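Below: one structure, written as C-alpha cells.
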Amino acid sequence: MDCQIIVKIYRHIVRMMRQLTYPAACRIILAKPDGEIMRFFPKLSPGLLAPFLAVFLGLAVFLAEPLPLQVLRNAVFDQYQRWHPRPYQAAPVRIIDIDEESLQRLGQWPWPRTRMARLIEKLRDAGADVVALDIMFAEPDRTSPERITGDWELPRDIRRRLESMPGHDEILAETLAEGQVVLGFAAEQGPEKSRLPERPFRFVFSGESPLPYLYSFSGAVTSIPLLEKAAAGNGAMNFIPDSDGVVRRVPLAINIQEQAIASLAAESLRVAERASNYLVKTLPEKGAGIQEIRIGSITVPTTPRGEIWVHYTKPVPDRLIPAWKVLAGEAPREKLDGHILLVGASAQGLMDIRFNPMGTVMPGVEAHAQALEQILTQTYIARPSWASAIEVLVILIGGLALGMIALATPALVSAGITLAVLLAAGWGAWIAFVQHHVLLDPVTPGLALLATFILCSIIHHRTSEQRHRWVREAFSRYISPNRVDYLVRNPDQLELGGRRQECSFVFTDLAGFTGLMEKMDPADAVSVLNVYLDAMVTIAFRRGGTLDRIVGDSVAIMFSAPVVQPDHRARALSCALEMHAFAFRYAADCLAKGIELGQTRIGVHSGEVIVGNFGGKTLFDYRALGDAVNTASRLEGANKYLGTLICVSKETLSGCPDAVVRPAATLVLKGKTQPINVYEPVEAPEANGRPKRDTEYEKAFELLKRRDPLALDAFERLAAERPADTLVRLHRDRLRRGEKGDTIVLEEK
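Under this note's numbering, read the sequence shown as residues 805 to 1553, first letter to last.
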C-alpha cells in the first residue's frame, strides 16, 4: 500500500475521532426522523455494539499515548535491538576517549586548555577530517597564566614572565581557528532566556516551518565567546531521553528562542561535508512534521521532530581510542586519518554516562558516534509517519473482526484465532524490524485486540449463560426442575439404562372432567385444566418431586429420583395432602363460577423400582418401572370403590410416623394376589390445628378386622352419626351383605 495513502487514511480517522464527539453524535441522531434513526442505527443488541466500543476505546488510548503505553512500546523496541543489534560496519567515526586511564596518566579533569589544544593538533596531524568536542568550555581556564597572576602573590620577575606568556584560552582559540573543529554546548530550559550560541551555519526550510516540531529550549550554556567564534562548528550536545532515561533517539536540530540550532552530530557531519547550510524538508501534509534534513550531499530521514532513531551495536572496543594514546603518539594513524573524531569522556567521575536500549550504560558521546555511523553507512532504523496509520488500521479492522468472532464462535475457537492474530502481529512487527528496519508497535494494537476479545468473550459468555438459563427454564417446563439440575450436574446420566431404587409415587385423577369437556367450550375447559395442572405440578416441584407424566387431567409424580431423598415417603404424603387441599379449594372456586369441577382422587405408594432412561437411541424417556408404580396408579383408582379421595399404602406410611390416618381396607388389587393395607388421611382438626385421630372409627374397624359380629352395630351407629362418611357407609353395606373382615378384592382397576 502506498505510504501517502496510508497516511491520509490515518489522518482521516484521527480527524473523525476528534470531530465526532458525543454531543455531535447526539445532534446527528436528533436531527433525523424516527424512521431514519432506525435505518441509521439498525436493531443491534448491546453485544453487537461491544466490538465498536472496544475499538473506539483502543483508538482513543492509542491517540492519547499515556506514559505506561509509551514505556511498553519502548521496551518492545529495546528488545528488538537486543535480539537484533546493528552489525558493526567500519565507518570513519572514532571516539577519543577521556577514560580513567587517561586521567590517571595525565591528571585530573579539567585539563589545561593547552593540553586540549595539543590533543587537537595531534589529531589534526594524524589526518582527522573533523574533531568534535563533546565538551563545554563555559569558563576561562583556571590554569591560564593571567589567572595565576591575578590569584597568587608572586615575585615581580615571575609575575612579569607569566604576564608575557599567552593565555591558555588564546592558545586553544588559535588551534580551533585552524579549522575543522566543532564545539559543543548544552541547551537548557529556564524561566529566563540566555544568549543564543554561535551559529556558523544557516537553516533553509522546504515546506512549512519545522520550528514547531523541534524540541524547544529557552537558552544554552555555551563555551566562552573567544572559543565559540574560533570554532568551525557549534552543536548541541543534548539528548532527549525517554521517561526511563534511555537514549533511543538523537536530534539533528533543536529550537532555541525560535531559531533552528544544529546538534553536535549534525555539525560534525556538516563540517566534514564542508557545507554551510542545512535543508530541512517537512512532510507535504500540514501538521505532519519533518521528513528529512539534508546536510551537504547527505540526506538524513528523520522523525517528525527532527531526530534519528539509533540502532545500537554491541560494544565495539575498536570504536574508542584512549586520549592518552593520542597525546603519547601511540594511536594508530589509520584509525584517525580521514575520520570524524568525537572527543568525549567515559570516566565515571565526569558524569556523562547514559543508558541505551541494549540494557547497558555508555558515555554520552557514543550516542553521537553511533548516530554518525548510521548516517554514513545509510543503515537507519525508522518509525515512519505511516507506521501509526498501519497500527490504527490493525486496531480498527482486527478489533472489529476479532470482536465479531468472539461473539459468534465458541471460546476455544475465538481464543485460538485471537492468539494467532496476536502472534501474526508480533511476527509482522519483528520481520519489519529485521528485514526493513522499520519500528512498528505491536503492543498497543495487541492490547487493543486483546481487550476487544476479552470484552466480547465476556459478553458472549454472559449471553450464553442467559441463553442456557432460558433453555433450562424452558426445559424445566417440560420436565422437572430437579431433573434438569441433576442432568446439568451429571451429564453422563443421559444414557439408556436404569438403576434399582426405592421411590414414592403420587398419582392423581380429576373425576368427571371428560363429561365436563362435553358441556364447556373447549377453550374454556383447557384454561380451567391448565390452571389446575399448573398448581398441582407446582406443589409437586415445591416438595422436590419429579414429574413422571401428565396424561389428560391425570398427574404422576415420583420422589427420590433422580436425586435420592431419604424422606421421600413423607414428601409424597405431604404433597398428596397439599394437592388435595388445593383441589378442594379450586373445585369450590369453579363451582362459584358455575363450573362443576369434579373432585381429585389421589393414590400414594412406595416401593422398589427401576429408575432410568428407557426408549431407544432416537428418543428416550426418564421414568420408573416396577410394581410400585402400578400399585400407586391402582390406589388412585381404588378411591372410586372406597369412596375416599386419598388412598395411602402402609409402605408409604412406614416413613411418616407423625401421619394421622385411619385404616381404609386391605385390598387385593386387580391382577394381584398379595393384599395391601391402605389408609385414608384424617382431616378433622383438633383445637391446635393438628388432625384428630378418628378413634371411634378405628374401634369399629378393629372389630371388622377381627370378624367380630359387633362390627355391624358399630358401623351402623357411625353411619347414623356420619351420613356423609362414604368409607363408613362402604363397610356398613359390606357387613349388611354378609361380607366379613377388612379384605376387599377389586375386580376393576
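Every residue gets a Cβ at the ideal spot worked out from N, C-alpha and C, and that includes glycine.
Fair warning: this is a prediction, and the values are worked out from it, not measured in the lab.
Here DSSP, grouped into helix, strand and coil, assigns His-1115 to coil. Fully enclosed beta strand (DSSP E) runs of no fewer than 3 residues occupy 1053-1055, 1057-1060, 1063-1066, 1081-1086, 1094-1099, 1102-1105, 1111-1113, 1124-1126 of the stretch 1045-1127, in order along the chain. Between Ile-1065 and Arg-1109, the alpha-carbon positions lie close to 13 Å from each other. Comparing C-alpha distances from Tyr-892 to each of Glu-905, Pro-1121, Thr-1318 shows the shortest one belongs to Pro-1121.
Three or more beta-carbon pairs separated by less than 8 Å link the stretch 1536-1552 to the stretch 1468-1475, which places the two stretches in contact. Leu-1314 carries a strand assignment under DSSP once its states are collapsed to helix, strand and coil. Collapsing the DSSP output to three states places Gly-1037 in a strand. Taken atom to atom, the span from the alpha-carbon of Thr-1530 to that of Glu-1484 is near 12 Å. Comparing C-alpha distances from Ala-1515 to each of Ile-1094, Ile-939, Arg-1536, Gln-984 shows the shortest one belongs to Arg-1536.
For Met-1162, there is no enclosing alpha helix (DSSP H), since its DSSP letter is neither H nor E. For the pair Val-1408 and Leu-1439, the CB atoms are nearer than the 8 Å cut-off. By the Cβ criterion, the stretch 1012-1027 is not in contact with the stretch 1120-1137, since fewer than three pairs of Cβ atoms, one from each stretch, lie closer than 8 Å. A direct Cα-Cα distance of roughly 20 Å separates Ala-1344 from Gln-1305. For Cys-1379, the enclosing alpha helix (DSSP H) stretches over residues 1372-1396. Within the stretch 855-894, the alpha helix (DSSP H) runs of at least 4 residues that lie entirely inside it are, in chain order, 871-887. Closest in alpha carbon position to Gly-1168, among Leu-1176, Gln-1178, Ile-1157, is Ile-1157.
With respect to the C-alpha of Thr-1318, the residue from Val-1310, Leu-1401, Ala-1229, Arg-1137 having the closest C-alpha is Leu-1401. For the 8 Å CB-CB criterion, Ala-1057 and Val-1075 do not form a contact. Ile-1235 sits exposed, since fewer than 16 C-beta atoms from the chains shown fall within 10 Å of its C-beta.
Of all alpha-carbon atoms in Ala-1524, Leu-1381, Cys-1379, Gln-1403, the one lying nearest the alpha-carbon of Tyr-1390 is that of Gln-1403.
Residue burial is scored here from C-beta neighbours: Ser-1150 has at least 16 other C-beta atoms within 10 angstroms and is therefore classed as buried. Taken through DSSP and simplified to helix, strand or coil, Thr-1547 comes out as strand. Around the C-beta of Asn-1334, fewer than 16 other C-beta atoms lie within 10 Å, and the residue is accordingly described as exposed. The DSSP-derived three-state label of Val-1408 is strand.
Going by DSSP, Gly-1023 is part of the beta strand (DSSP E) stretching over 1023-1025. Residue nearest to Asp-1517 within the set Leu-1539, Glu-1138, Tyr-1019, Arg-928 is Leu-1539 (criterion: CA-CA distance). DSSP lists Phe-1418 as the beta-bridge partner residues of Asp-1425.
In the displayed model, Thr-1530 falls within a helix according to three-state DSSP. Look at Tyr-1184 here: in three-state DSSP terms it is coil, with no helix or strand label. In the DSSP assignment, Gly-988 falls within the unbroken beta strand (DSSP E) covering 985-992.
Going by DSSP, Phe-1345 is part of the alpha helix (DSSP H) stretching over 1326-1346.
Cys-1451 is bridged by DSSP to Gly-1407.
In the structure shown, the three-state DSSP call for Leu-976 is helix.
Just so you know, the alpha carbons of Gly-862 and Pro-1249 end up roughly 8 Å apart.
In this structure Leu-1146 is in contact with His-1172, their Cβ atoms being roughly 6 Å apart against a cut-off of 8 Å. Counting along the chain, the unbroken beta strand (DSSP E) around Glu-1484 starts and ends at 1480-1485.
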